[in-house]
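*Asks:*
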Amino acid sequence: MTESQSIRTFRYLPMDVVHHGQGAIARISDAMQEIGTSRAFVVTSPSVTKSTDALERLSNHLGDQLVQVFDGVRPHVPYSCLQPGLDALRASGADVVVSVGGGSSVDAARALALSLGEGIENVAELERFRAEFVPPNTTTIPSTSGRALPHIAIPTTLSAAEFANAGAVTSEERRSKDLLIADELTPRAVILDPELAVQTPASLWFSTGMRALDHAIESVYSPKGGPVIDVLSLDAIRRMAAALRLAQAHPTSVEAREQGQVAAWMSYFGEMNLTLGLSHAIGHQLGARFGMQHGVTSCIVLPQVMRFLAPVVEERLALVAGALGVDAAAVSAAGPAEAAAGAVEQLVSELGLPSRLHQVGVSRDDFPSLAQAVLGDLVVAGSPRPVNHAQVVEILEAAA
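With the UniProt record's numbering, the residue at position 304 of the sequence shown is 304, and numbering never jumps.
1. When you compare each of A241, A153, L58, V331 to L351 by their alpha carbons, which one comes out closest?
2. Run through DSSP, which three-state label would D87 get?
3. Hey, how far is the Cα of A334 from the Cα of A321?
4. I'd like to check one pair, A243 with A216: are the Cβ atoms closer than 7 angstroms?
5. Using the Cα positions of residue 431 and I282, report the straight-line distance between them to the nearest angstrom.
6. Taking 7 angstroms as the limit between beta carbons, can you name the residues of its chain near S171, skipping five residues before and five after?
7. For R245, which three-state DSSP category applies?
8. Do you know how far the Cα of V380 is from the Cα of M1?
9. Rounded to whole angstroms, what is the Cα-Cα separation between A341 and M306?
10. Measuring straight from C-alpha to C-alpha, what distance separates L66 and L116?
11. Between which residues of its own chain and F269 is the CB-CB distance below 6 angstroms, once the five residues before and five after are set aside?
12. Among L357, S383, P386, which has the Cα closest to the Cα of A400?
13. With a CB to CB cut of under 6 angstroms and the five nearest residues on each side skipped, what residues in its chain are close to A168?
14. Quick check: the Cα distance between D64 and H20, rounded to an integer number of angstroms?
15. Please report the straight-line C-alpha distance between T208 and I300, rounded to a whole angstrom.
16. Give the single residue among A182, K224, V392 whose Cα lies nearest to the Cα of A373.
17. Which of the three DSSP states, helix, strand or coil, is assigned to R74?
18. Is it buried or exposed for F10, if we count other Cβ within 10 angstroms and need 16 for buried?
19. Could you work out which residue in G382, V43, V296 is closest to V96 when comparing CA atoms only?
20. Could you have a look at E195 and say whether DSSP puts it in helix, strand or coil?
21. For the stretch 314-341, list the alpha helix (DSSP H) runs that are entirely contained and at least 4 residues long, ordered along the chain.
22. Report all residues from its chain with a CB closer than 7 angstroms to the CB of P370; omit the five preceding and five following residues, and keep chain order.
23. I think V254 touches V198, with their Cβ atoms under 8 angstroms apart; what is that distance to the nearest whole Å?
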């Protein structure tokens, strides 16, 4: 082995702090002060505004540091929903964006922060910053100026989007997701407060928890993983499965929500060092084309992807099965892939989430064009087993 083959690199993103625990939202002013900001522009969705007291609590802690709230974020962040937010952000004089809500609010805040920093007036101009992928494995990421507004994320779901340096915006015209990738898009601070999260509807909590489980599982079998990521991802799998079952048994338990938040955090630790794989590639395209929640795509697609990958990642899937509570004898009897995939399907069933594409309005007629779009998604390069159009269609058929 040459020196270049033996050296591996682990990168950290420029996130300064994570405040977590009951009542952690009280640290919002501290977080702003730590990054030298004083005028907050809040980015959120109508559901957070109408169905929770998150903004009231935030306002109580920020006082006149809260300069404006934009609550026009739509699922999957279509470009069209961003223009009013960008106009308001520019007029507000804010020096920090604060996202409150799920992954779409986090990604919208990223897109707005980048737009303002780059001097963009029409959000359509954001397209010039989208990552370009040429199959099978060539990705081009446009450079940014480093002037994006800082971002503080206060998530209320388990998507773990707040721990990434990339966000997705949807082109409704092209029916595809554009990935914006830059270290400056990493939130400088994250606040995990289970007292806010306990207001999130159970079905959304469960489905986003399955998305975090998907992060962790695809990290375990990623060709670019490593011991640090293994330890955290496998423990994230154990913790998330337990936390979701606890939240189902005790819907108003703040402790259950807190355990889920920590598991989601662990599921995404180190993701900038690898590329998530085929389940995420399919999920991106299902979300862009059919408006499916990403967590629901994980429920439906992940088990079939695991079965497809069996020939090349059996040992890795045995670890996943163990983390999901399958004993060694059962793994041996069923085989690692079937044991792991079956354990995921069992959890999906227990949580009452969809498990088949026909349940969410996707028909077989959609499979050929969907498969083509999947092959053009940059994270497909992270699959440990190369995949072609016919094989993607087979996976979709298995999930039908």
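Virtual Cβ for every residue (Gly too), placed ideally from N, Cα, C. Since we're looking at a predicted model, the values are computed, not measured.
*Replies:* Looking at the coordinates:
1. A241
2. helix
3. 11 angstroms
4. no
5. Summary: the structure shown does not reach residue 431, with the chain confined to residues 1 through 400, and so no result is reported for it.
6. Y79, D178
7. helix
8. Low confidence applies here, because M1 scores a pLDDT of 49, under 50, leaving its location unreliable; read the following figure in that light. Approximately 28 angstroms, taken between the alpha carbons.
9. 6 angstroms
10. 18 angstroms
11. L232
12. L357
13. D107, K177, L179
14. 24 angstroms
15. 13 angstroms
16. V392
17. coil
18. exposed
19. V43
20. helix
21. 328-334
22. In the sequence as presented, Pro is not what sits at residue 370; that position holds Leu. Q285, R289, L396, listed in sequence order.
23. 5 angstroms
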